[in-house]
Amino acid sequence: MAVSGSLAALKIATGLASHSNSLLADGFESAGDVVSSGMVFLGLTLAARPADSNHPYGHGRAEILTGLLLGIILMLGGIAIGVHSIAGASDVTAPPKAYAIWPILISIAVKVWLMRMKLVAGRKLNSASLKADAYNDAIDMLSGVAALVALGLTLLYPTRFPLADHYGGFVIGLIMIFTAVRVTRDTSLQLMDTMPGEQLLGQVREVALRVEGVKGVEKCYARKTGLQYHVDLHLEVDPLVTVRMGHDIASRARDAIRDDLDWVADVLVHVEPAPEAASIAGMEKLKDVVIGADDASLIRELHGDARFYFEGKTDLLQAMTAGSLMLKPGMSPHPPHRHTEEEFMLVTEGTGEIQVGHKVTQVGPGAMMYCAGDKLHGITNTGSVPLTLYFYKWLA
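When we follow my numbering, the leftmost residue of the sequence shown carries the number 3, and every step to the right adds one.
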């Protein structure tokens, strides 16, 4: 705030003395930085307050709201500067003085340093408002370059580009508006509880699946509540365990996620029965029969079409499931998961990659996977055509 205020005073005073409209516009833009940085400081201060009875998720949304207000201020400032610069272009004024270049050069150098410092801190803290303020410094740097080019054209070619200095101020206004739209969009998505990227959610699933007793992850949601995210997690466990054992598994998963992922503030865990084991008790013995593809049970999903040929008990197995899946390009039926059953998987068409444990293997027609019970595994179609596979799962 102190640096921005000093730069603003220098540029405004020099702009008035040198008759440079672009330098004056750049100075007013720097003056707005003092206000915006003050808002960021206030937002971070409020966001750091601990949770209470009325705010069980903490006060972190104050920081996101500050970023949104900062984007609105940037937009209004950009519009004002652009309109003022175009309106002044009709006035015939004396050409600007050459010494107006020096405050611009100083400002560009200082703003590069400020932008880098705030951006590094903003990414480390996952702070929307601090990153927005860093983008604001990037505007200053770009507006400084625009002012420098405009002023240079007017000084070098006063008869050919007499209004370049005014149009430089207009360009600065456009840069502010463009950045304001980006800042406003990003913070608005966070306020609307937009889910984070699949990479972050994948980290949550990976940590949860490493916890002993977790058979799978049914659902995983997250929403940003300030500098961190709150996660809603639905874990699948053996339905035959006691309530206390299920609670202990959920507690271990919650602790592991919070310890391993510094961007997670807290985790709300829902315990669900693992579907494979839950259905064993009601299964009937398989009949000796041949089933065609048209007679198999068809389930259409977003990732592709699954057919279930057999699902039941046998003379030697508690449960047996056999089916096929036509997987769409770029899709996976689910994130890597675990289940009690052992499994074979045979690829007959297409190409993709299969993960078993932490090893990923590229596969094509004829490739077959075996996976022991409770072993992490998954498949993804990495090709441009559907991938067809047949799977066989059993519990002895």
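For every residue, glycine included, the Cβ atom is placed at its ideal position computed from N, Cα and C.
Query: In angstroms, rounded to a whole number, what distance separates the CA positions of residue 298 and residue 324?; Result: 10 Å
Query: Quick one: residues in its chain with C-beta nearer than 8 Å to the C-beta of residue 198, no 5 flanking neighbours on either side, listed in chain order?; Result: 224, 226 and 231
Query: Here's the rule I'm using: 16 or more other beta-carbon atoms within 10 Å means buried, otherwise exposed. How should residue 51 be labelled?; Result: exposed
Query: Bridge partners of residue 287, per DSSP?; Result: 315
Query: Please report the straight-line C-alpha distance between residue 159 and residue 10, rounded to a whole angstrom.; Result: 27 Å
Query: Counting beta carbon pairs with one atom in the segment 240-250 and one in the segment 303-321, are three or more of them shorter than 8 Å?; Result: no
Query: Do you know offhand how far residue 146's Cα is from residue 204's?; Result: 41 Å
Query: Return the first residue and the last residue of the beta strand (DSSP E) that residue 214 is part of.; Result: Where residue 214 is concerned, there is no enclosing beta strand (DSSP E), given that its DSSP letter is neither H nor E.
Query: Count the other CB atoms, across all protein chains shown, that sit within 10 Å of the CB of residue 372; report buried if there are 16 or more and exposed otherwise.; Result: exposed
Query: Would residue 148 be called buried (16 or more neighbouring beta carbons within 10 Å of its own) or exposed?; Result: buried
Query: State the Cα-Cα distance for the pair residue 131 and residue 215, rounded to the nearest angstrom.; Result: 40 Å
Query: Would you list the residues sitting across from residue 383 in a DSSP beta bridge?; Result: 354
Query: Report yes if the C-beta distance between residue 66 and residue 263 is below 8 Å; otherwise report no.; Result: no
Query: Compute the Euclidean distance between the alpha carbons of residue 36 and residue 56, then round it to the nearest angstrom.; Result: 32 Å
Query: With DSSP collapsed to three states, give me the class of residue 307.; Result: strand
Query: Taking the beta strand (DSSP E) that residue 396 falls in, what are its first and last residues?; Result: 389-397
Query: Given residue 25, which residues of its chain have a CB within under 7 Å of its CB, disregarding the five upstream and five downstream residues?; Result: 13, 16, 17, 102, 105, 106, 149 and 153
Query: What do you reckon, are the CB atoms on residue 348 and residue 392 nearer than 8 Å?; Result: yes
Query: When you compare the CB positions of residue 206 and residue 237, do they come within less than 8 Å of one another, or not?; Result: no
Query: Can you give me the C-alpha to C-alpha distance between residue 187 and residue 124, rounded to a whole angstrom?; Result: 17 Å
Query: Span of the beta strand (DSSP E) holding residue 361?; Result: 361-365
Query: Identify whether residue 1 lies in helix, strand or coil by the three-state DSSP scheme.; Result: Nothing can be reported for residue 1: it is not among the residues displayed for the chain, which extend from 3 to 398.
Query: In chain order, what residues of the same chain have a beta carbon less than 6 Å from the beta carbon of residue 109, not counting five sequence neighbours either side?; Result: 9 and 146
Query: Quick check: residue 80 and residue 179, are their CB atoms within less than 8 Å of each other?; Result: yes
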